[in-house]
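Novice: The structure under discussion is supplied below as structure tokens; questions concerning it will follow.
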Amino acid sequence: MKNSLKKIYHYLFDYDNNKPDGTNQYSSEILTLLTMAMHNQKYVLVTFQDGQSEIGQVNQQLSAQKFILRSTNQKLLHIVDINYLIRVDLA
């Protein structure tokens with residue numbers, strides 16, 4: 000009994016960085032935010048499925064699901080597919 004309570008406690012209250020959380024966004028919301036950032040030339044923080052993040056400006060839309068993201072150091076261009084994003088935040 001004690002062991003099962005311990006497992007339940009760890010499942011509910013321990014934070015695991017590798018486990019996805021409830022802050023994922025729908026593709027339509029990601030598409031809307033990226034389009035808005037492109038038109039208003041705002042900076043975005045994009046979070047990929049593998050946990051990596053990138054800050055930059057959206058320069059151009061290549062297709063319905065692909066955008067060009069210019070990194071903050073103005074030297075790198077990334078082709079971002081919204082299918083591989085879990086979250087977009089506007090600055």
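At position 43 of the sequence shown (counting the first as 1) the number is 42 in numbering that gives the first Met the number 0, and the numbers step up by one without a gap.
All C-beta atoms in this analysis are idealised placements derived from N, C-alpha and C, irrespective of residue type, glycine included.
1) Quick one: give me the first and last residue of the beta strand (DSSP E) that T31 is part of.
2) Which ranges would you report for the beta strand (DSSP E) in the region 49–87 if only whole runs of at least 3 residues count?
3) If I measure Cβ to Cβ from K65 and keep anything under 8 Å in the same chain, skipping five residues before and after, which residues do I get?
4) Thinking C-beta only, is Q48 closer than 8 Å to Y83?
5) Please state if the CB of G55 and the CB of L68 are separated by a distance shorter than 8 Å.
6) How many Å lie between E53 and L33 at the Cα?
Specialist: Looking at the coordinates:
1) That residue, T31, is in no beta strand (DSSP E); its alpha helix (DSSP H) goes 26–39.
2) 52–60, 65–70, 76–80
3) Taking K65 as the centre and dropping the five residues before and after it, the same chain places the C-beta of I78, V79, D80, I81 closer than 8 Å to its C-beta, in chain order.
4) yes
5) yes
6) In a straight line, the C-alpha of E53 is about 13 Å away from that of L33.
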